[in-house]
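What follows is a single structure, written as structure tokens, with notes after it.
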Ligand SMILES: Nc1nc2c(ncn2[C@@H]2O[C@H](COP(=O)(O)OP(=O)(O)OP(=O)(O)O)[C@@H](O)[C@H]2O)c(=O)[nH]1
Ligand SMILES: [Mg+2]
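Numbering (our numbering), first residue to last: 193 to 549.
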């Protein structure tokens with residue numbers, strides 16, 4: 193592990209690849225790696241790219257990376273794919289799409305597939321970002337499919353978040369469904385070569401300028417205006433809506449210019465520090481939550497948890513009592529372990545737990 197860490201700090205691709213594999217596969221490895229690398233992180237500009245499936249995120253990432261390379265910046269890319277595992281076409285597709293970058297040692301591309309929980313995926317992604325940061329990549333692009341809270345969580349690891357929309361995806365403004373517009377620093381309407389893109393641009397602009405009083409009717413539903421972006425601004429930043437045609441390389445120069453401007457804005461306005469603070473708070477709480485749940489799973493067996501769930505479903509006990517049971521059990525076991533007593537179940541209410549472990 194020490195050798196790998198040293199290799200990563202030297203920016204050696206093979207070491208980076210191997211460490212990322214370890215980090216992805218084992219939480220313990222992630223912990224060790226992050227502990228060792230953390231003092232060397234904090235330099236990278238982390239850029240999240242999220243949006244509905246097929247809106248052209250990977251194509252855009254490819255174009256952004258090419259342009260950043262022309263500016264002499266080293267680019268790390270992480271494509272997070274929570275839904276499709278290795279067998280899916282997505283990873284291969286991404287590789288094909290990003291082939292322009294193949295062979296360039298200033299670019300590192302990695303796909304992360306889901307293993308187990310989405311929380312675990314978020315954790316692995318954060319660790320991977322730190323590995324690339326410590327390895328000296330000035331820009332780290334993180335692509336996630338904007339489909340739910342887990343993706344929003346991953347996107348929250350970014351300094352600059354791009355939300356990518358496209359026309360003709362079943363709904364003009366898909367982002368609202370997942371609430372991901374709230375996290376956008378830059379709105380991209382990709383596939384501007386397709387009909388209907390003007391309308392998407394206009395409706396997004398309208399949304400941004402609705403202001404805090406909030407709400408418009410969209411397909412009969414009342415949408416509240418995005419909270420941090422009242423009047424289209426977030427921390428003094430005017431959220432731009434940029435049309436692009438990534439597959440033709442149109443609009444991407446402007447997009448990269450906006451990304452750099454957003455970075456400058458973060459640095460000059462003091463937003464960078466604020467975001468770091470929020471990022472770290474969020475990460476800490478997430479890690480703590482995962483740790484506490486893992487702790488629960490080691491302390492209370494699956495069958496015990498199942499028995500409680502069954503009891504709640506059968507209306508034998510209420511959910512609050514069940515939680516109290518588990519909570520008491522965790523602490524009782526800690527206490528017994530500390531005092532050297534063998535674990536045994538104690539319960540003052542009639543318990544669905546078996547009498548002995
Ligand atoms: N017409 C048009 N097609 C595009 C454009 N950008 C990407 N595409 C095509 O749209 C399809 C999806 O592009 P991807 O880049 O894979 O989209 P994605 O958002 O990464 O997709 P997922 O990762 O599967 O969510 C591909 O066939 C692209 O060639 C564009 O600007 N115009
Ligand atoms: Mg993609």
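All C-beta atoms in this analysis are idealised placements derived from N, C-alpha and C, irrespective of residue type, glycine included.
Check whether the Cβ atoms of residue i and residue j sit closer than 9 angstroms, and answer yes or no.
| i | j | result |
| --- | --- | --- |
| residue 239 | residue 351 | yes |
| residue 256 | residue 448 | yes |
| residue 348 | residue 471 | yes |
| residue 344 | residue 397 | no |
| residue 555 | residue 200 | Only positions 193 to 549 of the chain appear in this structure, which leaves residue 555 out of reach. |
| residue 478 | residue 320 | no |
| residue 298 | residue 265 | yes |
| residue 451 | residue 522 | no |
By how many angstroms is the C-alpha of residue j removed from the C-alpha of residue i?
| i | j | result |
| --- | --- | --- |
| residue 524 | residue 518 | 10 angstroms |
| residue 243 | residue 520 | 42 angstroms |
| residue 439 | residue 459 | 31 angstroms |
| residue 456 | residue 387 | 34 angstroms |
| residue 376 | residue 296 | 30 angstroms |
| residue 414 | residue 465 | Residue confidence is low: residue 414 scores 36 on pLDDT, short of 50, so the model does not pin down where it sits. Its coordinate-derived value is still stated next. Their Cα atoms are separated by approximately 35 angstroms. |
| residue 508 | residue 489 | 23 angstroms |
| residue 241 | residue 513 | 43 angstroms |
| residue 491 | residue 263 | 53 angstroms |
| residue 494 | residue 356 | 41 angstroms |
| residue 209 | residue 337 | 23 angstroms |
| residue 316 | residue 222 | 7 angstroms |
| residue 205 | residue 273 | 22 angstroms |
| residue 207 | residue 467 | 30 angstroms |
| residue 214 | residue 312 | 14 angstroms |
| residue 393 | residue 305 | 32 angstroms |
| residue 485 | residue 498 | 15 angstroms |
| residue 196 | residue 429 | 40 angstroms |
| residue 444 | residue 437 | 8 angstroms |
| residue 186 | residue 374 | Coverage of the chain is limited to positions 193 through 549, which leaves residue 186 absent and any answer about it impossible. |
| residue 261 | residue 329 | 11 angstroms |
| residue 203 | residue 431 | 34 angstroms |
| residue 461 | residue 475 | 23 angstroms |
| residue 258 | residue 331 | 12 angstroms |
| residue 504 | residue 480 | 26 angstroms |
| residue 194 | residue 228 | 9 angstroms |
| residue 389 | residue 435 | 8 angstroms |
| residue 463 | residue 198 | 32 angstroms |
| residue 301 | residue 382 | 22 angstroms |
| residue 405 | residue 453 | Here the model assigns residue 405 a pLDDT of 40, short of 50, so the residue's position is not dependable and the matter cannot be decided. |
| residue 473 | residue 220 | 21 angstroms |
| residue 218 | residue 483 | 14 angstroms |
| residue 496 | residue 232 | 43 angstroms |
| residue 267 | residue 245 | 23 angstroms |
| residue 318 | residue 446 | 28 angstroms |
| residue 511 | residue 391 | 48 angstroms |
Which whole-angstrom value is the C-beta distance of residue i and residue j, which I expect to be below 8 angstroms?
| i | j | result |
| --- | --- | --- |
| residue 380 | residue 252 | 7 angstroms |
| residue 610 | residue 247 | The question about residue 610 has no answer, for the chain in this structure spans 193 to 549. |
| residue 333 | residue 378 | Incorrect: roughly 13 angstroms between the Cβ atoms, too far for contact. |
| residue 325 | residue 225 | With a Cβ gap of about 12 angstroms, residue 325 and residue 225 do not count as contacting. |
| residue 384 | residue 442 | 7 angstroms |
| residue 335 | residue 395 | The Cβ separation is near 24 angstroms, so there is no contact. |
| residue 303 | residue 327 | The pair is not a contact, with the Cβ atoms about 17 angstroms apart (cut-off 8 angstroms). |
Starting from residue i, trace the beta strand (DSSP E) in both directions and tell me its first and last residue.
| i | result |
| --- | --- |
| residue 361 | Neither: residue 361 is in no beta strand (DSSP E) and is coded neither H nor E. |
| residue 303 | 299 to 305 |
| residue 434 | 433 to 435 |
| residue 234 | Counting along the chain, residue 234 falls outside any beta strand (DSSP E), and DSSP gives it neither H nor E. |
| residue 379 | 378 to 381 |
| residue 201 | Residue 201 -> not in any beta strand (DSSP E); alpha helix (DSSP H) instead, spanning 194 to 201. |
| residue 296 | It is not in any beta strand (DSSP E) - residue 296 carries neither H nor E in the DSSP assignment. |
| residue 333 | 331 to 337 |
| residue 268 | 267 to 273 |
Can you give me the start and stop residues for the alpha helix (DSSP H) that residue i sits inside?
| i | result |
| --- | --- |
| residue 389 | 389 to 400 |
| residue 258 | 249 to 262 |
| residue 351 | Neither: residue 351 is in no alpha helix (DSSP H) and is coded neither H nor E. |
| residue 466 | 463 to 491 |
| residue 502 | 494 to 505 |
| residue 223 | 219 to 229 |
Step through the CB atoms of chain C and report whether any lies within less than 9 angstroms of the CB of residue i.
| i | result |
| --- | --- |
| residue 501 | This model lacks chain C altogether, as it is built from one protein chain only. |
Fill in: Distance cut 5 angstroms, beta-carbon to ligand 4 heavy atom: residue list by chain order
This structure simply doesn't include ligand 4; it includes ligand 1 and ligand 2 instead.
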